[in-house]
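Engineer: Just passing along the structure, written as structure tokens.
Numbering (our numbering), first residue to last: 1 to 218.
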């Protein structure tokens with residue numbers, strides 16, 4: 001925990017010193033946590049309004065401030081644009097919610113529980129959030145379940161991945177997706193640092209963090 005606190009401090013100083021001269025030209029990111037448990041999947045998506053299209057950002061700010069209509073709209077982004085398929089059948093999205101936050105918080109986290117009808121062995125995950133959040137948006141995802149811990153970078157050109165409990169994303173695409181996205185623009189985007197921090201704080205550990213940094217900087 002002390003190490004995580006030190007990392008937060010380092011990132012804060014780095015971001016503050018970067019100033020407005022360092023522009024992010026590589027698009028925007030969201031951080032997704034996909035937790036598989038039996039027949040259910042908990043999908044959590046954290047977004048930063050400041051880097052998203054104005055109309056979407058406004059809905060996020062209003063939802064964060066407690067506006068019910070905007071909250072429902074933001075939750076619908078995930079319910080409508082994220083598809084999970086297990087045993088050949090689409091999992092059913094629950095009503096969803098926003099994690100409690102403060103009106104001045106930098107991010108908004110949407111949580112949707114999916115029911116898949118039976119214990120999950122293989123899971124297809126499809127992300128079409130780009131249709132709402134813009135063509136330069138990417139979802140950086142961590143996927144966890146019994147015998148499984150994987151990462152995948154969803155992009156408009158790579159919208160699907162499949163995971164097997166006790167295995168890894170098919171064909172090594174998880175690591176490859178992170179490497180390709182990192183080659184494109186990791187050095188230009190401070191929000192990627194926030195993702196790496198989120199990975200660590202959500203239990204990724206220093207070894208997992210080192211692997212992702214290596215993939216991003218190859």
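For every residue, glycine included, the Cβ atom is placed at its ideal position computed from N, Cα and C. A quick note: this is a predicted structure, and the numbers were derived from the prediction, not measured.
Tell me where the alpha helix (DSSP H) around residue 40 begins and ends.
Structural biologist: Numbered from its first residue, the chain shown carries residue 40 at position 40. Run containing residue 40: none in the alpha helix (DSSP H); it sits in the beta strand (DSSP E), 40-47.
Engineer: Mind the definition here: the segment 124-138 touches the segment 75-84 only if three or more C-beta pairs lie below 8 Å; say whether that holds.
Structural biologist: These segments touch.
Engineer: Start and end of the alpha helix (DSSP H) containing residue 57?
Structural biologist: Mapped onto the chain shown, residue 57 falls at position 57. Segment 54-64, the alpha helix (DSSP H) holding residue 57.
Engineer: At what residues does the alpha helix (DSSP H) containing residue 133 begin and finish?
Structural biologist: Looking up residue 133 in the chain shown gives position 133. Where residue 133 is concerned, the enclosing alpha helix (DSSP H) stretches over 130-133.
Engineer: Are the segment 135-147 and the segment 99-114 touching by the rule of at least three beta carbon pairs closer than 8 Å?
Structural biologist: No, the segment 135-147 is not in contact with the segment 99-114.
Engineer: Count the other CB atoms, across all protein chains shown, that sit within 10 Å of the CB of residue 68; report buried if there are 16 or more and exposed otherwise.
Structural biologist: Counted from its first residue, the chain shown places residue 68 at position 68. Its Cβ having fewer than 16 others within 10 Å, residue 68 is exposed.
Engineer: Could you give the first and the last residue of the continuous alpha helix (DSSP H) run that contains residue 68?
Structural biologist: Indexing the chain shown from 1 puts residue 68 at position 68. From DSSP, the alpha helix (DSSP H) with residue 68 extends over 68-81.
Engineer: In three-state terms, what does DSSP make of residue 50?
Structural biologist: Within the chain shown, the letter at position 50 stands for residue 50. Looking at residue 50 - three-state DSSP - the assignment turns out to be helix.
Engineer: Taking only the alpha-carbon atoms, compute the straight-line gap between residue 50 and residue 31 and give it to the nearest angstrom.
Structural biologist: Working through the chain shown from its first residue, we reach residue 50 at position 50. Working through the chain shown from its first residue, we reach residue 31 at position 31. If I take the Cα positions, the gap works out to 14 Å.
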